[in-house]
Amino acid sequence: MTSDAPSHRAIVATKLGGPLQTITVPTPSPGPDEVLVRVSWASPTPFDNWQKDFGLAVTEWPIFLGENSVGTVTALGSSVKTLNIGDVVFGFTHGPAKTKAFQEYIVVPARRLGRVPAGLDPRAAATVPDNFVTAWWTFMHYLGIELPYELPVKEKPVGLDEPILIWGGATSVGQYAIQILAQAGYTNIITAASPRHTALLKSYGARAVIDYRAPLSDIHAQLLSAANGQKYSKVLDCVAHDKKTIALYRDVVAAGGVVALLLPVQVSDEKGEVVGVRSVDNEVGDFPEGVKSVGVRTHFYHTNEELYEKLQPEVMPRLLGSGAIEPNAFRVVEGESLQERVEESLRILREGLVSGEKLVFKVNA
């Protein structure tokens, strides 16, 4: 089935560090396993700026942007049985240009979408998918933490009181990471964040919240005290900055431990200003001998066939619909045109003017 819109507007980045541009592109028809979605809301991520400003994972220009969206299914591929025309869906829609969220219509594999649960604000839904998928994929694939698809768990996991460090607990990924671990039965979740987020993060399941702005010696002392003197064997760094995060915790990671870094790793100058990004980790992080650091590549979560089949279509909507997982707070970015809204969103992210919330903007009325 084809769309009744032969073409639509899309926002693209024209060259490295260059301006955004609004273009008109043909509206594609979905393939057998795909659906066509009229996008209503989209939510930007730091990855959009890493691509636009640093050329991360870019092979040619221009590039389409955006991987989080909410919209309405307007056409189905011939093999799609899980969704219907008219369904309001949300998803982490990484992939080629036709899947990118900063345009009026997208074509996406049905397995990368879930129905927005009744009662969930679609603006909030637009902010969820990439962060939720990243947290889940990191635990399962990189940190070796098995997560049942049915949460909260009925049986407590082995090693439930092992200290797990989430650096950047108030980030979007951090908030989902804490909630997922708590719902999975883990009781010794330690996080670093601004003190103003302490109450929220503890309500999600964090046992201790460390002020990342404290003197380094105090940070180390608090981290070790929170873990009853143990060093950490499992760390998720949701920021991955060589000086502002890695340098603050690397000495409290145990030999044999694993640090999962959300890529790219930010490389800074003497003032701490980001001057480049890298997809490598050990060379940048300068971790102690015996510590394994791994870069998280959420774009490959679909290589786990069972996870790909279940996570966004079933697990994500169920946990949000039941209230087991709460979405981030969100801020709506305004602007006269779609391009203005995208530009303003990326500026806010680039300048670090977001804390404990996600940005969202309207694509179609």
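The letter at position 327 of the sequence shown is residue 327 when you use this note's numbering, and the numbering goes up by one with no holes.
We treat Cβ as the ideally placed atom computed from N, Cα and C, and that holds for glycine.
Since the model is a prediction, treat every value here as computed from it, not as a measurement.
In the structure shown, the three-state DSSP call for A57 is coil. Remark: three or more beta-carbon pairs, one from each stretch, lie closer than 8 Å, so the segment 319-333 and the segment 179-193 are flagged as touching. When C-alpha distances from V73 are compared across L65, V108, D53, the shortest belongs to V108.
Between the alpha carbons of A365 and G17 lies a distance of about 29 Å. Under the three-pair Cβ rule at 8 Å, the segment 127-143 counts as touching the segment 295-314. Beta-bridge partners of D237 (DSSP): W167, L261. Residues L36, V37, V39, S69, G71, T93, K98, T99, K100 of the same chain have their beta carbon placed closer than 8 Å to that of I106, with the five preceding and five following residues left out of the count. Contact annotation, L20 with E343: C-beta distance approximately 6 Å; criterion of less than 8 Å satisfied. Counting only the Cα atoms, L320 lies some 24 Å from L165. Scanning its chain for C-beta atoms nearer than 6 Å, with the 5 sequence neighbours on each side dropped, one finds around P317 the residues G114, R115, P117, in chain order. A residue is called buried when at least 16 other Cβ atoms come within 10 angstroms of its Cβ; I85 does not meet this threshold and is exposed.
Nearest Cα to V291 within the set V252, S355, L263, N304: V252. Runs of the alpha helix (DSSP H) lying entirely within the segment 76-158 and spanning at least 4 residues, in chain order: 122-126, 129-137. Following the DSSP letters along the chain, one finds E357 inside the beta strand (DSSP E) bounded by residues 357-362. Restricting attention to K358, V239, P313, the CA atom closest to the CA of V88 is found in P313. Taking 7 Å as the cut-off, the beta carbon of Y212 is found no closer than this to the beta carbon of K310. In the DSSP assignment, W41 is bridged to V70, K362.
When the five nearest sequence neighbours on each side are left out, the beta carbons in the same chain lying within less than 8 Å of the beta carbon of S268 are those of H241, D242, K243, K244, V274, V275, in order along the chain. Between L224 and T187, the C-beta gap is not smaller than 7 Å, which leaves the two residues out of contact. Per the DSSP secondary-structure output, V35 pairs in a beta bridge with L76, V108.
When F47, T14, K15 are compared, the shortest CA-CA separation from V265 is found for F47. DSSP places H220 in the uninterrupted alpha helix (DSSP H) bounded by 216-226.
Between W50 and the set L349, E357, E162, G356, the nearest pair of CA atoms involves L349. Straight-line spacing of the CA atoms in K362 and S29 works out to 23 Å. Contact check for P62 and A13: beta-carbon distance about 6 Å, within the 8 Å limit, so the pair qualifies. Restricting attention to P152, L236, E104, S172, the CA atom closest to the CA of F132 is found in S172. Per DSSP, R350 lies in no beta strand (DSSP E); the unbroken alpha helix (DSSP H) holding it starts and ends at 338-350. Excluding five sequence positions before and after T24, the CB atoms of its chain that fall closer than 8 Å to its own CB belong to S7, H8, R9, A10, given in chain order. Taking all protein chains in view, the Cβ of K81 is surrounded by fewer than 16 other Cβ atoms within 10 Å, so the residue is classified as exposed.
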